[in-house]
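This report concerns only the one structure given below.
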Ligand code: SF4
């Protein structure tokens, strides 16, 4: 009977050590293999040239790699590049490369689909099939970095977990992936260049705080009263704005890291003078930076985008009240790569 092989990249450092002991190997082998996998991004045992051929054969008999494979790549007229990736079980996810003046940003996914069903988001209309593994999250960074080098001759500078899925509902795998990205034995990236974006799960924001994470946190706020937020984000029913506000203040106390509040403006829904007041009342208690984001209409919903004049007025009113606000134009909308548009569409 053929032995079922295990994914070698599912093991933590400690797990790899145990594997080496079981195979009768010296502990330093675990470190070597860890570095091949997470620092040199190897996706086969044959690449591990400082390991003897006989031991590589032994490893091949027990373990396998399940890397993601790039499927389709599309480039927007504004330079944004979207890629869909096929997973070992044929599921598809998407990642986006967003080039700007000083940055090459990768927007990556954490789940196949999403269970949170935000009304304005195309991913929310897909069924959540499963969590991504740490390796599948890590692979997106490697692949999008290759795209950046190939197209723009520049490496990635920033990573945002803002693609498909809710990262805090895949907590252990997301944390492990980030560890592989930032640890010196892994890719050695700066944690300040990584941002995790959540739809708002208060309990898990507190867990991030208790784990004293060093990366940035963004909250997809989009409405600053429970009455409005309940209409567009069902997760708000069990995570009220008060509970989120408390959790974010706790996060700041523990990490000393300012929070980004993402606010997509929808025409005649959350872009009026009373919304400025509501947003001000929510934001003033939290050390934060506010991103006002232009909406990208999707086929599944009837929301429309606010005019640029409205957005600018909205931004200026908040700034006048002393808040730190930026206006974000949408990127990559012609290829469905913009915020809230990731849906594995293939036309
Ligand atoms: S906005 Fe984020 S949390 Fe909401 S449905 Fe889309 S992917 Fe899920």
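In our numbering, the protein residues as written are 1 to 347. We put the CB at the ideal spot given by N, CA and C, even for glycine.
Residue i, buried or exposed, once every other Cβ within 10 Å from all chains shown has been counted against 16
i           : result
residue 67  : buried
residue 132 : buried
residue 256 : exposed
residue 268 : exposed
residue 72  : exposed
residue 44  : exposed
residue 308 : exposed
residue 4   : exposed
residue 161 : buried
residue 158 : buried
residue 166 : buried
residue 52  : exposed
Residue nearest to residue i in terms of C-alpha spacing, selected from the options
i           : options            : result
residue 76  : 98, 160, 93, 118   : 98
residue 80  : 152, 116, 112      : 152
residue 16  : 39, 249, 82, 32    : 32
residue 286 : 248, 311, 263      : 248
residue 206 : 188, 171, 187      : 171
residue 317 : 343, 290, 335      : 290
residue 279 : 252, 321, 251      : 321
residue 140 : 156, 211, 261      : 156
residue 228 : 218, 241, 201, 216 : 241
residue 331 : 29, 100, 54        : 100
residue 208 : 178, 188, 23, 48   : 178
residue 61  : 262, 50, 46, 193   : 46
residue 187 : 142, 323, 174, 204 : 142
Length of the line joining the Cα atoms of residue i and residue j
i           : j           : result
residue 64  : residue 185 : 21 Å
residue 103 : residue 58  : 43 Å
residue 112 : residue 13  : 26 Å
residue 138 : residue 191 : 14 Å
residue 273 : residue 314 : 8 Å
residue 127 : residue 239 : 21 Å
residue 304 : residue 271 : 11 Å
residue 300 : residue 232 : 13 Å
residue 118 : residue 125 : 8 Å
residue 146 : residue 223 : 37 Å
residue 42  : residue 21  : 22 Å
residue 181 : residue 38  : 8 Å
residue 306 : residue 337 : 19 Å
residue 277 : residue 213 : 31 Å
residue 339 : residue 226 : 22 Å
residue 423 : residue 85  : The first residue shown for the chain is 1 and the last is 347, placing residue 423 beyond what the model contains.
residue 218 : residue 201 : 12 Å
residue 245 : residue 197 : 15 Å
For residue i, the residue or residues it bridges with in DSSP
i           : result
residue 20  : In the DSSP output, where bridge partners are listed per residue, residue 20 has none listed.
residue 84  : 94
residue 30  : According to DSSP, which records beta bridges pairwise, residue 30 is partnered with nothing at all.
residue 291 : 262, 326
residue 70  : 85
residue 198 : 219
Residue-chain proximity (residue i, chain D), Cβ-Cβ < 8 Å
i           : result
residue 187 : In summary, chain D is missing from the structure at hand, where a single protein chain is found.
Own chain residues within Cβ distance below 8 Å of residue i, not counting five before or after
i           : result
residue 348 : Residue 348 lies beyond the range of the chain shown here (1 to 347); nothing can be said about it.
residue 164 : 93, 94, 109, 110, 111, 112, 113, 114, 123, 126, 342
residue 311 : 265, 271, 292, 294, 327
residue 56  : 45, 46, 48
Residues near residue i by beta carbon distance below 7 Å, same chain, minus five either side
i           : result
residue 237 : 230
residue 154 : 104, 148
residue 199 : 116, 118, 166, 220, 233, 235
Spatial neighbours of residue i in its chain, beta-carbon cut-off 6 Å, leaving aside the 5 residues before and after
i           : result
residue 333 : 296
residue 335 : 74, 76, 82
residue 96  : 82, 107, 337
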